[in-house]
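Student: Under this note's numbering, residues 3 to 203 are what the sequence shown spells out, in order.
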Amino acid sequence: MQANQLKSKCNEDKFQFSTYEVIAGHIWRCSCKARELKDDQETMISIPVDCRSRLSPPLPEGYFGNAIMDLAPKAIAGDIVSRPLSYTVKIIHDTLCTLGNNEYFRSALDFLESHPNISTLIKGPQTFKGCSIGNANWLKLPMYEADFGWGQPVYMGPAVISCAGRSMLAPNPPGVGGFSLTIALESDYHMNLFKNYFYDI
3 MQANQLKSKC
13 NEDKFQFSTY
23 EVIAGHIWRC
33 SCKARELKDD
43 QETMISIPVD
53 CRSRLSPPLP
63 EGYFGNAIMD
73 LAPKAIAGDI
83 VSRPLSYTVK
93 IIHDTLCTLG
103 NNEYFRSALD
113 FLESHPNIST
123 LIKGPQTFKG
133 CSIGNANWLK
143 LPMYEADFGW
153 GQPVYMGPAV
163 ISCAGRSMLA
173 PNPPGVGGFS
183 LTIALESDYH
193 MNLFKNYFYD
203 I
């Protein structure tokens with residue numbers, strides 16, 4: 003219901019944004035407000051993207067390894083907070099459309115292969131501290147279809163969020179509908195503000 007309200011607000015213009023883009027934009031905007039970022043502070047949202055369907059030639063059938071790359075739309079906090087939600091959502095949409103393709107991923111793979119020590123490129127907790135956010139999208143994972151011998155799961159979600167600034171979207175169980183958002187910010191103060199902003203549609 004709330005996701006549909008957000009979508010209808012953002013899709014009033016000529017653009018048609020996906021449900022994920024709208025929710026991610028709302029999360030990013032609410033986190034900027036809750037953290038009370040300065041107007042000139044640069045902020046980003048890091049989005050892991052599945053490369054399987056975007057690579058050419060495609061990965062072999064049945065490939066089970068990771069094929070994920072982060073895309074990181076950036077903006078100025080003052081713009082994110084003061085402009086309509088559709089502004090933030092369009093930044094995400096444009097980044098996913100322009101960078102989420104075979105050419106970009108192949109270029110990134112070439113860079114990784116040429117880098118002498120890729121462990122220096124690993125993002126740690128400091129990446130999201132204070133002003134940026136990471137958001138993983140599990141909305142399309144068929145996690146409630148799993149049956150390990152005692153029936154379908156009652157709940158599936160992360161056991162813990164490892165550091166402030168990380169978040170995850172996951173589907174709710176069948177019959178409940180909607181999705182759950184798991185997020186960690188720096189303090190209870192920030193979390194309470196985020197909650198208020200998130201539900202104020």
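Cβ atoms here follow ideal geometry from the backbone N, Cα and C, with glycine treated the same way. No experiment lies behind these values; they were computed from the predicted model shown.
1. Please report the residue range of the beta strand (DSSP E) in which Thr45 lies.
2. Measure the C-alpha to C-alpha separation of Leu111 and Glu63 and round it to an integer number of angstroms.
3. Given this structure, state the Cα-to-Cα distance separating Phe200 from Gly151, to the nearest angstrom.
4. Report all residues from its chain with a CB closer than 7 Å to the CB of Pro155; omit the five preceding and five following residues, and keep chain order.
5. At the level of alpha carbons, what is the spacing between Gly27 and Tyr65?
6. List the whole-angstrom C-beta distance separating Val91 from Leu73, where the pair is believed to meet the contact cut-off of C-beta under 8 Å.
7. From the DSSP output, which residues share a beta bridge with Ile185?
8. Mind checking whether Lys142 and Glu188 have CB atoms under 9 Å apart?
9. Does DSSP put Met71 in a helix, a strand or coil?
10. Do Phe253 and Ser88 have their CB atoms nearer than 9 Å?
11. Between the Cα of Asn139 and the Cα atoms of Lys40, Leu8, Ala36 and Ile47, which residue gives the shortest distance?
12. Run the CB neighbour count on Lys125, radius 10 Å, all protein chains shown included, and call it buried at 16 or more, exposed below.
13. For Lys35, which residues from the same chain have a beta carbon less than 6 Å from its beta carbon, with the 5 sequence-adjacent residues on both sides left out?
14. Let me confirm a value: Arg54 is counted as buried when at least 16 other C-beta atoms fall within 10 Å, else exposed. Which label applies?
15. Which class does Ile94 belong to by DSSP, given the choice of helix, strand or coil?
16. Would you grab the beta carbon distance between Ala186 and Ile163 for me? Rounded to a whole angstrom, and I think it's under 8 Å.
Tutor: So, from the data block:
1. Glu44 to Asp52
2. If you take the alpha carbons of Leu111 and Glu63, they lie about 20 Å apart.
3. 38 Å
4. Met145, Tyr146 and Ala148
5. 31 Å
6. Incorrect: roughly 15 Å between the Cβ atoms, too far for contact.
7. Ser169
8. no
9. strand
10. Any property of residue 253 remains undetermined from this structure, which presents the chain solely from 3 to 203.
11. Ile47
12. That one is exposed.
13. These residues qualify, in order along the chain: Val83 and Tyr199.
14. exposed
15. helix
16. That pair is a contact at about 4 Å.
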